[in-house]
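Numbering-wise (the working numbering), the sequence shown opens with residue 3 and increments by one.
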Amino acid sequence: MSVPDYMQCAEDHQTLLVVVQPVGIVSEENFFRIYRRISSVSQISVRDSQRVLYIRYRHHYPPENNEWGEFQTHRKVVGLITITDCFSPRDWPQTFEKFHVQKEIYGATLYDSRLFVFGLQGEVAEQPRTDVAFYPNYDDCDTVEKRIEDFIESLFIVLESKRLDRATDKSGDKIPLLCVPFEKKDFVGLDTDSRHYKKRCQGRMRKHVGDLCLQAGMLQDSLVHYHMSVELLRSVNDFLWLGAALEGLCSASVIYHYPGGTGGKNGARRFQGSLFPAEAANRHRPGAQEVLIDPGALTTNGINPDTSAEIGRAKNCLSPEDIIEKYKEAISYYSKYKNAGVIELEACVKAVRVLAIQKRSMEASEFLQNAVYINLRQLSEEEKIQRYSILSELYELIGFHRKSAFFKRVAAMQCVAPSIAEPGWRACYKLLLETLPGYSLSLDPKDFSKGTHRGWAAVQMRLLHELVYASRRMGNPALSVRHLSFLLQTMLDFLSDQEKKDVTQSLENYTSKCPGTMELLTLPDGLTLPPVPFTKLPIVRHVKLLNLPASLRPQKMKSLLGQNMSTKSPFIYSPIIAHSRGEERSKKIDFQWVQGDVCEVQLMVYNPMPFELRVENMGLLTSGVEFESLPAALSLPAESGLYPVTLVGVPRTTGTITVNGYHTTVFGVFSDCLLDNLPGIKSSGSTVEVVPALPRLQMSTSLPRSAHSLQPSSGDEISSNVSVQLYNGETQQLIIKLENVGMEPLEKLEVTSKILTTKEKLYGDFLSWKLEEILAQFPLQPGKIATFTMNIKVKLDFSCQENLLQDLSDDGISVSGFPLSSPFRQVVRSRVDSKPTNPPESSKVGDASHVKDGIGSHVARSGFIPGSHLPHHQRDLGDTLEAILNFKYSGGPGHVEGYYRNLSLGLHVEVEPSVFFTRVSTLPATSTRQCHLLLDVFNSTEHELTISAQGNEELILHASECQRMAIQVDKFNFESFPESPGEKGQFANSKQLEEERQEARGLEISSKLDIHWKIPSLRRRGEASVEGLLNQLVLEHLQLAPLQWVLSEHLSKKAKVEGEGLNIVIVSSKERDVLVDGQLCDCGAAASCRVGDPVRLEVRLTNRSPRSVGPFALTVVPFQDHQNGVHNDDLRHAVSFVGSSTFYLQAVQPAGESACLGALLFLYAGDFFLNIRFHEDSVSKDLPPSWFCLPSVHVCAQEVQA
């Protein structure tokens, strides 16, 4: 026997072998259609008996194997069923002849046969025959199963007769010797009368009867015969047949212990009749022993038809452990015979199946290892493939998965052996796929992204390479690309640098013809190959969704309910949904994207390849809203380390968008890489809200960009920064162009400014603008530009405490040396470092110049102050002002939903000093309603500078030069100023309130002075302010007293001087003038009158103080000034009073008035002065003297013209 049956199992020993074959030309489909119906009748119960008959069908069986039927009866073909097509009665004789020819092949062993004829009708088909069945077609054959059952019953009848005939043989000592084919020549010439020969014949026959009993369903009888055969054959050393008897004994015991079978067949077989209840209960006990044979039970010929004695006296069945031992013994006997290789191989297979059920894998592997080394005849390639495949299945059965995969891979390689004319690459590929589980390989890349690597990487890579090659030879390039991609993705860590280059080069060659996709590949057998995304090319370590730039971030307008108030539930807290909301918050990011704007996601990637990696078509994978991904291409250097990559896209609709991953094209393979499948990735969240579209502004300015980036304490980001350099007091125009570069119209714009914290005092409005012009252009359509003009005015403190000029020697009031604060620190830098320490006498300051009376500026000049006279400390000449200009704008759908954007402009102003006021003082003027303000002005620039006040002549100052300028000013009525905002409760104490009032007074004084400077060489100009320079004492000398005195000739003509604080006021019908008899009498001008005409005088007092004053007594004293320092007070003959020269005023309440009248007569022509004096006993001692200073009235008496 040369063809092994690898599907054999122990229970096959009880089956009858029936061959089903076609006769003539029968289509394969029709044949197997009937074959499946025939093979469905695999067992029947014997009529009038409890025995069951089992049938094993084969559609192909080698005739040479049939020659071993006497050795083991289950190998003998006892039934033949043929199927044929016959459509004409003329063809029937030829068809029936073919049936007889087919029977002759197995004729020596056949018990019975049947012929199924399809398509023949008529007289021939109507003739009753037992061995032939006629059917009109393959559809109308309902009685096939019934005929098969009848056929099996006929086989049983023959089998039972043969069993009985062998068991009751009365031929005495003439028992025939059963032989296997290769033994016949060895027994020629032997002594057939010897005792040894007779025992051999008896033992073999007993074993043969045991086979027949087992096939006939008499299990217990077969056990007895096998035991007796073993004893007989062991005594004569007939090892081949002894092995067969032991194998029969093992098979019967296996059938008894494992009714479900060992071949993996479904359904347990029913054993009836031969099993007795006592042993059925103990059949699984391991202590069951081999039966003990009583020699007295044997007849002279060794066969006793009555086996009841043995049944009653023996434990016939082997234990599970003994079954394996007997298999080992039988196989050892088979191994002694070269021609019994197939028998030995099949016995090993049967033992392995039994051991698999017993969970004894190591012992089973020993049997399989023995089967591997059994030397058979020269096998064909198909037989080798079958052998290796069965070995693989058996190893898989006992749990040796890698060993199973090894033999299956050998079978796959055998399919494409060089000796095969047409290699079976499809079969090879299919077998290779079946080896994957054994090598811990899966075609799903997700299985390799969790935990450590399983299996031997070197073997896995070899297997994947073989899959790639096999799929290419199959003519399926898509499969080759998929497997090569899988190799590169899952085995990247185990590839050497050279292997990485080779694999990627091969992959590029394949993808040039068939690009890699993310589609499922379905094989013909239904197996699907999942896509292989390149998550390691490149490796992504961190994913971060980026917020929009500061100028594009949407902000929600505040509502009454608050931004974080949820209206979905009426409850403040719900424990049912708190956990789910927490998970949502962990994934959702706290900023928003805007519909139609470019959004960014940053990835930190790493190139693990030893060469430059080119990634094409890299973009984002999103869900939730319509999203337009803008692909990018990048080139990563070899082993680059973490490298930032920014992917961009544009959301086209609103809602909640989730970034699921990214897609790439690497080496021609398109990959969709999901974040959930990336191992070890760090992410700050992947879900963000997309708000409705908003306009987008782009800003440009007339000033250059600044290198200084403002850092506001609030953490706001500045969109852009500009810088400018200005002198203190200078004003600069900033032109801002706002272009709507978005797709939505600009409908709303609000502009605010914020000055960053500065240690210096800033006077006036630093930034000022008007929105009317730009708002008139709204709504601003996309692509349009709006122009916005802003004024930048820097006005810091102009004070400096260094006295660079000597004090005035005049008798007037001088206020000097008080501390003043300056933004430029209290040091003046020397401009002339080469000057000697002791200057020449000519350069020293002499007496103060004369202060001239006049309407213009009064200047007390000094010589140029050299650098040696400047302070020894150095002075920082610059300061910095910083401000933020915020543009809050909105429009389009976003405006409807309550969103806006904020565009910020950072302004950096370098302030250079222009002029300093190093000293401030006051001098009285000729008029009581005026005074002189003296300012020492220092030019701190490097250029020539001019300064002017009240639009009068300019004072020229050279670089680092200091001069004194006197400005005649009208005194101020501070009490008439409107209440400042700070006086309405903003300040917490009186000190702050007083400071606020003082600042308001300084602003008023500075605006009236109108001091301007100009640098002609630079064509730059500005203003200078005395705000912050004036202390309380100076302010007292610049204000009018609250008592107002009025002198007039007529009631309709009054001279009045008003002020705030402590002021002396003289009022007339023409403001700031004093009239006597209709003539000017103040400010140094003389009032004229005629000699002899009486002049009426009226003195009126208005009390604006908060207290009651008076009564007062005033005396008018006329005098003449001879212009030489001598005053003539004795004018009794020149001036006569009409009435008394003393005026009396009653007490005046706050806001009240009191007046007195008088008259005088000038008798001679000349210049006269009227001095009004208060009586000392009538003046309140607690009131300031300045409240009672009345001006001297100058009257010019002229002769009457003829």
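Backbone N, C-alpha and C define an ideal beta-carbon position, used for all residues, glycine too.
Of the residues 125, 220, 962, the one whose Cα lies closest to the Cα of residue 17 is 220. Per the Cβ contact rule, the stretch 708 to 723 is in contact with the stretch 880 to 890 (3 or more Cβ pairs under 8 Å). Annotated three-state conformation of residue 549 is coil, per DSSP. Residue 70 and residue 213 have their C-alpha atoms some 13 Å from each other.
Per the C-alpha coordinates, the member of 945, 21, 89, 32 positioned closest to residue 57 is 21. Contact annotation: residue 918 and residue 942 have beta-carbon atoms nearer than 8 Å. For residue 724, same chain residues with a beta-carbon under 8 Å away, outside a window of 5 residues either side, are 703, 705, 706, 707, 708, 736, 907, 908, 909, 910 in chain order.
A direct Cα-to-Cα measurement between residue 398 and residue 322 gives close to 22 Å. In this chain, the beta strand (DSSP E) harbouring residue 1090 covers 1089 to 1092. Under the 10 Å beta carbon count, residue 1149 is surrounded by fewer than 16 other beta carbons and is classified as exposed. Counting of Cβ neighbours within 10 angstroms places residue 52 among the exposed residues, the total staying below 16. With fewer than 16 other Cβ atoms from the protein chains shown falling within 10 Å of its own Cβ, residue 1134 counts as exposed. Pairing residue 1014 with residue 1002, the inter-Cα distance amounts to about 20 Å. By the neighbour-count definition (other C-beta atoms within 10 Å, threshold 16), residue 372 is a buried residue.
Taking a cut-off of 8 Å for Cβ pairs, the stretch 486 to 505 and the stretch 546 to 556 do not touch, as fewer than three such pairs fall below it.
By the C-beta criterion, the stretch 637 to 648 is judged not to be in contact with the stretch 506 to 514, since fewer than 3 inter-stretch pairs fall below 8 Å. Judged by beta-carbon spacing, residue 215 lies beyond the 8 Å limit of residue 325, meaning their Cβ atoms are not closer than that value.
In terms of Cβ geometry, residue 247 and residue 209 form a close pair [threshold 8 Å]. For residue 404 and residue 390, the gap between their C-alpha atoms comes out near 14 Å. Put simply, the backbone Cα of residue 893 is about 8 Å away from that of residue 781. The distance from the Cβ of residue 653 to that of residue 903 is about 16 Å, inconsistent with a contact at the 8 Å cut-off.
The C-alpha of residue 534 is placed about 6 Å away from the C-alpha of residue 447. Close CB contacts of residue 1109 within its chain, under the 8 Å cut and outside five residues either way in sequence, are with 1152 (chain order). The secondary-structure analysis by DSSP pairs residue 1119 across a beta bridge with 1173. In the displayed model, residue 170 falls within coil according to three-state DSSP, outside both helix and strand. With three or more CB-CB distances shorter than 8 Å, the stretch 332 to 347 counts as touching the stretch 364 to 378. In the structure shown, residue 447 adopts helical secondary structure according to DSSP, grouped into three states. In this structure, the straight-line span from the alpha carbon of residue 437 to that of residue 670 is close to 29 Å. Judged by their CB atoms, residue 969 and residue 957 are not nearer to each other than the 8 Å cut-off. Taking a C-beta distance under 8 Å as the contact criterion, residue 604 and residue 692 do not qualify as a contact pair.
The distance from the Cβ of residue 1106 to that of residue 1155 is about 10 Å, inconsistent with a contact at the 8 Å cut-off. The straight-line gap separating the alpha-carbon atoms of residue 147 and residue 249 is approximately 33 Å.
Under the three-state reduction of DSSP, residue 324 is assigned to helix. For residue 653, the enclosing beta strand (DSSP E) begins and ends at 645 to 653. With the rule of 3 Cβ pairs closer than 8 Å, the stretch 423 to 434 does not count as touching the stretch 444 to 460.
One thing to note: residue 1096 has its Cβ within 8 Å of the Cβ of residue 1140.
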